[in-house]
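Residue numbers (my numbering): 754 to 1041.
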């Protein structure tokens, strides 16, 4: 028996076929085109299901179900994306029905992407074998998923576990949600890019050299890796950026631990690509 998982992102639609051992046997990705209509986007979601089946040599009739991980508020009971700020055409769209129309299968499910990530870790990843765990994703924003007693916590209106929007600095940096001082405004990749640019400008004003300036010029833009890469090459200004970022990240993680006491807290998203070097700096701050 096989299942297909679809990761619906603001930039890409990724899909993978998973076997009974929860192993990904084939995957593919296409651009989302987030500005397009819901019909066009859901048609591509159905099409990529056919694509991964063809690549894997698996007949679509062998697919038991399709699960869609969507940003925003996903009504998993009715199959509707209630609200999705990054892909506005999907607001109030029944994505399950739309995908099923283009890729006939027994069942299609939808869940918030961070909740789906947390469930994936609990079933087959870092939190396998536990009953209570938390997953956070450090990307454009900060997403969160909470598993308590083997159940995804999503609130009465499917909008729960927006962990990135707890305030850690009162009247702090503006957040895309409209509030100020949200954890997302300090611990997302977007926040790290802002901190990097601010430090580069500060260094330029003070006549202080920093490798970050050269790396930005080489890569054509600032990204979430610049400060880490420069720090690892001994750049003091970059180390200051990373240290500040880590302090904010640890603050939010400690809050979550105090609230939920999870057995496992796992970190995903682009920033998690720093791997062990991230954990080595982060864990002492959280423990403290």
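Beta carbons are placed, not taken as given, at the ideal position from N, Cα and C, and that holds for glycine.
>> Per DSSP, what are the beta-bridge partners of residue 896 in this structure?
In response: For this step, residue 896 is matched to residue 143 along the chain shown. DSSP, once it has assigned bridges, lists 890 as partnering residue 896.
> Alpha carbon to alpha carbon, what distance is there between residue 845 and residue 823?
Replying inline: Reading the chain shown from its first residue, position 70 is the one you call residue 823. Reading the chain shown from its first residue, position 92 is the one you call residue 845. Cα to Cα, residue 823 sits roughly 13 Å from residue 845.
> Which residue comes first and which comes last in the beta strand (DSSP E) that contains residue 768?
Replying inline: Against the chain shown, residue 768 aligns to sequence position 15. Residues 765-771.
> Anyone know if the C-beta pair for residue 952 and residue 994 falls short of 7 Å?
Replying inline: Numbered from 1 along the chain shown, position 199 holds the residue referred to as residue 952. Numbered from 1 along the chain shown, position 241 holds the residue referred to as residue 994. Yes. Within cutoff.
> For residue 802, which residues from the same chain have a beta carbon less than 7 Å from its beta carbon, with the 5 sequence-adjacent residues on both sides left out?
Replying inline: As a first step, residue 802 must be located in the chain shown, where it is residue number 49. Answer for residue 802: 757, 768, 819, 856, listed in chain order.
> What do you get for residue 1012, buried or exposed, if any count of 16 or more other CB atoms within 10 angstroms of its CB means buried?
Replying inline: Here residue 1012 refers to the residue found at position 259 when the chain shown is read from its first residue. Its Cβ having fewer than 16 others within 10 Å, residue 1012 is exposed.
> Which residue comes first and which comes last in the beta strand (DSSP E) that contains residue 843?
Replying inline: In the chain shown, the residue the question calls residue 843 occupies position 90. From DSSP, residue 843 is part of no beta strand (DSSP E); its letter is neither H nor E.
> How big is the Cα-Cα spacing for residue 876 and residue 882?
Replying inline: Numbered from its first residue, the chain shown carries residue 876 at position 123. Numbered from its first residue, the chain shown carries residue 882 at position 129. Distance between the alpha carbons of residue 876 and residue 882: 8 Å.
>> Does the structure place the stretch 829-839 close enough to the stretch 808-819 that three or more beta carbon pairs sit under 8 Å?
In response: no
> For residue 910, does the count of other Cβ atoms within 10 angstroms reach 16, so buried, or fall short, so exposed?
Replying inline: The count along the chain shown starts at 1 and reaches residue 910 at position 157. Exposed, by the Cβ-count rule.
> What alpha helix (DSSP H) runs, 4 residues minimum, are completely inside the stretch 860-888?
Replying inline: 866-877
> Can you tell me the Cα-Cα spacing of residue 915 and residue 894, whole angstroms?
Replying inline: The residue given as residue 915 occupies position 162 in the chain shown. The residue given as residue 894 occupies position 141 in the chain shown. Taking the straight line joining both Cα atoms gives about 10 Å.
> For the alpha helix (DSSP H) that residue 1005 lies in, which residues bound it at each end?
Replying inline: The residue labelled residue 1005 in the question sits at position 252 within the chain shown. Where residue 1005 is concerned, the enclosing alpha helix (DSSP H) stretches over 989-1013.
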